[in-house]
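If you're matching positions, the sequence shown starts at 320 in the working numbering and goes up one per residue.
Ideal Cβ positions, reconstructed from N, Cα and C, are used throughout, including at glycine.
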Amino acid sequence: MLAFSNLARAGSCVLPVPLLYRDHGAPGAAFWLLATTMIGMQNLLLLGAPQIFIRMLAVAQVGAGRQPSSSAGAAPSMADIRALMHRVFLAATVAITVLMATAGSHFVAPVIAASVRPDDMWAAWSVIVASAPLRTALLCHLTYLNGCGVLARPRLIDGIGWALSGLLAMIALRFSGSLLVMAIIAQVPIMAATIANGYLARRHGWTGWQEPRTARLGPTARVIWPPTWRAGLGVLLSTGVRQGSGVLLAKYVSAGTLAGYLLALNGIAVIMMLSAVPVQSALHRMVQAFAAERTQAHVAIAAIAMRRSLWVAALLCGILALATPLLARWQPHHPFVSLPVWSVMAAGLFLQRYGAVHLQHYSITNHIVWHWLDGATGLVNLALCLWWIPGHGALGAAWANTLSLLVCYAWLPTVMAVRRFGMEWPACDLDAAVRPAAGLAMLIGAAFLLQRMV
Numbered sequence: 320m321l322a323f324s325n326l327a328r329a330g331s332c333v334l335p336v337p338l339l340y341r342d343h344g345a346p347g348a349a350f351w352l353l354a355t356t357m358i359g360m361q362n363l364l365l366l367g368a369p370q371i372f373i374r375m376l377a378v379a380q381v382g383a384g385r386q387p388s389s390s391a392g393a394a395p396s397m398a399d400i401r402a403l404m405h406r407v408f409l410a411a412t413v414a415i416t417v418l419m420a421t422a423g424s425h426f427v428a429p430v431i432a433a434s435v436r437p438d439d440m441w442a443a444w445s446v447i448v449a450s451a452p453l454r455t456a457l458l459c460h461l462t463y464l465n466g467c468g469v470l471a472r473p474r475l476i477d478g479i480g481w482a483l484s485g486l487l488a489m490i491a492l493r494f495s496g497s498l499l500v501m502a503i504i505a506q507v508p509i510m511a512a513t514i515a516n517g518y519l520a521r522r523h524g525w526t527g528w529q530e531p532r533t534a535r536l537g538p539t540a541r542v543i544w545p546p547t548w549r550a551g552l553g554v555l556l557s558t559g560v561r562q563g564s565g566v567l568l569a570k571y572v573s574a575g576t577l578a579g580y581l582l583a584l585n586g587i588a589v590i591m592m593l594s595a596v597p598v599q600s601a602l603h604r605m606v607q608a609f610a611a612e613r614t615q616a617h618v619a620i621a622a623i624a625m626r627r628s629l630w631v632a633a634l635l636c637g638i639l640a641l642a643t644p645l646l647a648r649w650q651p652h653h654p655f656v657s658l659p660v661w662s663v664m665a666a667g668l669f670l671q672r673y674g675a676v677h678l679q680h681y682s683i684t685n686h687i688v689w690h691w692l693d694g695a696t697g698l699v700n701l702a703l704c705l706w707w708i709p710g711h712g713a714l715g716a717a718w719a720n721t722l723s724l725l726v727c728y729a730w731l732p733t734v735m736a737v738r739r740f741g742m743e744w745p746a747c748d749l750d751a752a753v754r755p756a757a758g759l760a761m762l763i764g765a766a767f768l769l770q771r772m773v
């Protein structure tokens, strides 16, 4: 259900794109993809707090955690955490809405100015900004239910809501031709999902904005803040910069180039999620083997997970590389990124997955370093984006992301895992990493040959 939810979110923004190209041209597609990219970035402002809340709620459920804590030194109770969640998500809602209305409007303005129907686009953008509290409330309910151990049904509801949002947006655009109508209709399933998950949350103790409590929230907030800012900083400087490169690109390239790059970023996000599944599904077995001091066992499990993960990434990136020249030949008015740009983006994705698998393997020791690794990588990426995007556009953004990984993320987790677990390197990576990398290189080479033929 989690995979379905994520795929539905990613797919919902793509469904209307062909019709947008047909009825509104490249500016219409660029506007919609840029708006959905900003929607995806909204959660970054919470700085990883949802994951911390999930862990704290899970701990509070154990034992006598359901009653409000009576002293500042006691562990946070369910009521304390719920009360703090109310305030954190309310503050995030205000901040997100203000940023969408100000900074977001600044970045969509050039795209709207290139449209033949700017008034319709501005009205649609106003609907998207006004609906930001709806999406924050949905995330709040999902966070609470996940922390209570209720995951499958809320994610099913969320996935259905996003899938219907994309489908109804496409239908509304087909029959009305208006971006405003499409934006309004797209919010209806999200509102329904928010109401349904809100009802489910209330059945599990959620009390709305009037949570009774006896303890001060300061001690609970001080427990949550240290891991939150560390986790959030890493996410903000990695995922945030990667997605933000598409937003920054809107100031320097044409609407067609922007739409193609944002579509490629959406494809990268889907491939990252699918290629992470083999590792996520093997983590519990790695942890069990590590706890039992069976080093060879968890090293072997990690190697199998890496091989599967990298092959998934290589094959999906390679298939898209082969499709790129065909898309350019058969659908010239529906631009994707050029093959050189996609090749650089695919190389960056492969490097990211290689480092991520070694990092997740090393993290079973509970020595968490990913926040500063992501932070350092993101800072370099941001600096290179600001330097290269104005002059090189989409290719500059792709190179910035790929080269920033070489600073530490692509090799330091490997060094740490090899030293910690006594792994034999490079032998441990020959089958798991080198062969998928060679496969990706062959597919990209075949794509360049195909491009010359068509």
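The alpha helix (DSSP H) enclosing residue i, as first and last residue numbers
i: T684; result: Counting along the chain, T684 falls outside any alpha helix (DSSP H), and DSSP gives it neither H nor E.
i: P301; result: Any answer about residue 301 is impossible in this case: the structure gives the chain only from 320 up to 773.
i: R493; result: A471 to S495
i: L774; result: This structure cannot settle anything about residue 774, because the visible part of the chain is limited to 320 through 773.
i: V452; result: First, the residue type needs correcting, since residue 452 is Pro and not Val in the sequence shown. Note, P452: alpha helix (DSSP H), A451 to G466.
i: P597; result: A574 to Q599
i: L498; result: L498 to R522
i: V430; result: S424 to A432
i: F323; result: L321 to S331
Buried versus exposed call for residue i [16 or more other C-beta atoms within 10 Å across all chains shown]
i: L339; result: buried
i: G392; result: Summary for G392: the model assigns pLDDT 46, below 50, so the residue's position carries little reliability; its value from the coordinates is reported in the next sentence. Exposed, since its Cβ has fewer than 16 Cβ neighbours within 10 Å.
i: G468; result: exposed
i: A766; result: buried
i: A610; result: exposed
i: A583; result: buried
i: I778; result: Lying outside 320 to 773, the shown extent of the chain, residue 778 is not represented and no answer is given.
i: D438; result: exposed
i: R561; result: buried
i: I503; result: buried
i: A410; result: exposed
i: R522; result: exposed
i: A422; result: exposed
i: T733; result: buried
i: W444; result: buried
i: L749; result: exposed
i: T462; result: buried
i: V753; result: exposed
i: Y518; result: exposed
i: G382; result: Bear in mind that a pLDDT of 48 at G382, under 50, signals an unreliable position, so the model cannot answer this.
i: I301; result: Since the first residue shown for the chain is 320 and the last is 773, residue 301 is missing from the structure and cannot be characterised.
i: G741; result: exposed
i: S389; result: Only weak support exists for where S389 lies, its pLDDT of 37 falling under 50; the value from the coordinates is given anyway. That one is exposed.
i: V406; result: The sequence shown places Arg at residue 406, not Val. Per the 10 Å Cβ criterion, exposed.
i: M745; result: According to the sequence shown, residue 745 is Pro rather than Met. That one is exposed.
i: R738; result: exposed
i: R771; result: exposed
i: F494; result: exposed
Residue-chain proximity (residue i, chain C), Cβ-Cβ < 8 Å
i: A642; result: The structure shown contains no chain C; it holds only a single protein chain.
Note down, one range per segment and in chain order, each alpha helix (DSSP H) of at least 4 residues found wholly within the segment 608-645. none
Examine the Cβ distances between the segment 411-423 and the segment 461-479 and report whether three or more of them are shorter than 8 Å. no
For a minimum of 3 consecutive residues, which ranges assigned as the beta strand (DSSP E) are wholly contained in the segment 721-757? none
Pair every Cβ in the segment 673-682 with every Cβ in the segment 618-627, then say whether three or more of these pairs are closer than 8 Å. yes
Three or more C-beta pairs under 8 Å: does that hold for the segment 352-367 against the segment 423-439? yes
At least three beta-carbon pairs within less than 8 Å, the segment 566-574 to the segment 702-713: yes
Closer than 8 Å is the cut-off here; do at least three beta carbon pairs connect the segment 501-515 with the segment 478-492? yes
Inter-stretch contact (C-beta, 8 Å, three-pair minimum) for the segment 588-600 and the segment 721-728: no
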